[in-house]
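Notes for the one structure printed next.
Number of protein chains: 2
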Amino acid sequence: MSTVLVVDDDPRLQRTLSIALRAHSHHVLTANDGRTALAVVAEESPDVVILDLGLPDLDGTEVLRRIRQTSLVPVIVLSARHESDDKVEALDLGADDYVTKPFGVEELLARVRAAGRRAGDIGRQLGVIETSHFTLDFAERRAVVAGRDIRLTPTEWRVLEALCREPGHLVTQQDLLRSVWGPSYGRESNYLRVYANQLRRKLEPDPAVPRHLITEPGLGYRFVL
Amino acid sequence: MSTVLVVDDDPRLQRTLSIALRAHSHHVLTANDGRTALAVVAEESPDVVILDLGLPDLDGTEVLRRIRQTSLVPVIVLSARHESDDKVEALDLGADDYVTKPFGVEELLARVRAAGRRAGDIGRQLGVIETSHFTLDFAERRAVVAGRDIRLTPTEWRVLEALCREPGHLVTQQDLLRSVWGPSYGRESNYLRVYANQLRRKLEPDPAVPRHLITEPGLGYRFVL
DNA sequence: CCGGCGCGTCAAGATCGCGTCAAGAGCCGT
DNA sequence: ACGGCTCTTGACGCGATCTTGACGCGCCGG
Numbered sequence: 128m129s130t131v132l133v134v135d136d137d138p139r140l141q142r143t144l145s146i147a148l149r150a151h152s153h154h155v156l157t158a159n160d161g162r163t164a165l166a167v168v169a170e171e172s173p174d175v176v177i178l179d180l181g182l183p184d185l186d187g188t189e190v191l192r193r194i195r196q197t198s199l200v201p202v203i204v205l206s207a208r209h210e211s212d213d214k215v216e217a218l219d220l221g222a223d224d225y226v227t228k229p230f231g232v233e234e235l236l237a238r239v240r241a242a243g244r245r246a247g248d249i250g251r252q253l254g255v256i257e258t259s260h261f262t263l264d265f266a267e268r269r270a271v272v273a274g275r276d277i278r279l280t281p282t283e284w285r286v287l288e289a290l291c292r293e294p295g296h297l298v299t300q301q302d303l304l305r306s307v308w309g310p311s312y313g314r315e316s317n318y319l320r321v322y323a324n325q326l327r328r329k330l331e332p333d334p335a336v337p338r339h340l341i342t343e344p345g346l347g348y349r350f351v352l
Numbered sequence: 128m129s130t131v132l133v134v135d136d137d138p139r140l141q142r143t144l145s146i147a148l149r150a151h152s153h154h155v156l157t158a159n160d161g162r163t164a165l166a167v168v169a170e171e172s173p174d175v176v177i178l179d180l181g182l183p184d185l186d187g188t189e190v191l192r193r194i195r196q197t198s199l200v201p202v203i204v205l206s207a208r209h210e211s212d213d214k215v216e217a218l219d220l221g222a223d224d225y226v227t228k229p230f231g232v233e234e235l236l237a238r239v240r241a242a243g244r245r246a247g248d249i250g251r252q253l254g255v256i257e258t259s260h261f262t263l264d265f266a267e268r269r270a271v272v273a274g275r276d277i278r279l280t281p282t283e284w285r286v287l288e289a290l291c292r293e294p295g296h297l298v299t300q301q302d303l304l305r306s307v308w309g310p311s312y313g314r315e316s317n318y319l320r321v322y323a324n325q326l327r328r329k330l331e332p333d334p335a336v337p338r339h340l341i342t343e344p345g346l347g348y349r350f351v352l
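Line by line, the protein sequences are chains E and V.
Count along the first sequence from 1, then add 127; that gives the number in our numbering.
Count along the second sequence from 1, then add 127; that gives the number in our numbering.
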């Protein structure tokens, strides 16, 4: 399914994890120290990294920092229970999750799946969305409506992204506001009405009778292909 | 996913909680004292509030009381004291959960998830309800009756939610009124008759002979599949 | 047979949410 | 500094939705 890099200097733990991960059909890479880990991340670009903070050569947080300089790969940090400061630091540096030892293998597997899923969701670019009337290329930021190139503003693109992540699904006003304008905009405002209007004018065949950008009164909007 | 407000005057605890919550992909807002907390609740309408009772300016219970004057947001109360009086008082004032310090971060995270679920995703838990004649998708707010998409109003959905929580079971008029129109509407009124009527017209094969939305005279209504 | 009670039905008025417009502020490149 | 493009914000009208009151009908007990 996915490639997981296990970074740990304890051969026993490494072995246990490898077996468990392979049993769940992950591809497993291993590294015993920080330098090797960095090399493997660079060479193989794994989908998930499991990183023990207690390493022989480099400090675990240092490894994490360097990984983050070049990669957004999800990192799950392992640490002994008492090193809570490390934990805090690791998460600040961009770890995606932490697990304190001792831990159950099942728990770790669940977190690997979760991390992979989160990354996949983020990484999954919207690519191209096509309807009978217009085409949206999110990667290129190009919109073609009825054969003509149309300019959309940055905010319009972001609204569309939030709506098109799951075509056909309802997106609540709150979700829309938060993913476009940030967490603080949880309440109603004119934004959505104005931008829904704007988008309909630019995209819909007949803005007065929306076919793709559907409003769900009191709830939010739905984008249908 | 959801926005959590952490109200605590201990910077260390605040930091730990923030990091843990962010690691589980919540948005985090913080407040060091009661006044700020009230302002943030009013301005940002978070999805969950974690409230420490020991605050510098206002008494924690007072903060809770004022939050409840304007908002139904789920509140999880933290307290160092083992005094059960506080616990009782807090729960009376409308706290949704109560955690005594010291506590495990995982435990708190679980309670945040639980609180968020109770409050936000009421519809989502119901999933899809299907009968021989119509299908209701509460998450997507879609109703298909005899193969056709039917539009239901927000209040109609809320009534259906209350009815469908336990298909086949009797739901009393009081329960219905309370869960749709709020705690103050314990008394009889026309609401239920009007909306039962409305729903039957939209959903029943023959509104004159209800097969799914059954009246229990003097008691309430029953939804049967 | 009669009267009360509870439910179904209807319709009118009040209210709410959305679409629309436009003015002004902020930002950027020139 | 200037001009153009965006974003923000307030105002307004309209249609959908909610609320409320009135009325009729059937059931049940007196």
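Note that CB positions come from ideal geometry on N, CA and C, so glycine has one too.
The shortest CA-to-CA distance from V/L319 to any of V/D333, V/V286, V/P183 and V/H154 is the one to V/V286. In the same chain as E/D160, and ignoring 5 residues on each side of it, the C-beta atoms closer than 6 Å to its own belong to L182, P183 and D184, in chain order. For V/P138, there are no neighbours in chain E by C-beta distance under 9 Å, as the nearest C-beta there is about 12 Å away. Your pair V/V168 and V/V176 checks out as a contact, with CB atoms roughly 7 Å apart and the cut at 8 Å. Among the bridge pairs identified by DSSP, E/I277 is matched with E/A270. Residue state for E/S206 is assigned as strand, using DSSP reduced to three classes.
Your pair V/Y322 and V/E283 checks out as a contact, with CB atoms roughly 6 Å apart and the cut at 8 Å. Put simply, the backbone Cα of E/T227 is about 20 Å away from that of V/Q141. According to the DSSP assignment, V/E293 belongs to no beta strand (DSSP E), since it is labelled neither H nor E. Around V/F350, the same chain offers L290, C291, P294, H339 and L340 as residues with beta carbons nearer than 7 Å, after the five sequence neighbours per side are excluded. Across the structure, E/Y312 and E/R305 are spaced so that their CA atoms are roughly 6 Å apart.
Contact annotation: in the region 261-278 of chain V, residues whose CB is within less than 7 Å of a CB in chain E are E267 and R268. With contacts defined by Cβ atoms closer than 8 Å, E/G274 and E/F265 do not form a contacting pair. The contact set of E/Y225 on chain V, defined by CB atoms closer than 8 Å, consists of A150 in chain order.
For E/K228, the enclosing beta strand (DSSP E) stretches over residues D224 to K228. Closest by C-alpha distance to E/L178, out of E/E170, E/T157 and E/F261, is E/T157. Within chain V, no C-beta atom comes nearer than 9 Å to that of E/P332; the closest sits roughly 20 Å away. Among the CB atoms of chain V, one or more fall inside 8 Å of the CB of E/L346. At least one C-beta of chain V is nearer than 8 Å to the C-beta of E/H296.
DSSP places E/L132 in the strand class (E or B) of the three-state scheme. Close CB contacts of V/D135 within its chain, under the 6 Å cut and outside five residues either way in sequence, are with Q141 and D179 (chain order). In the displayed model, E/E331 falls within coil according to three-state DSSP, outside both helix and strand.
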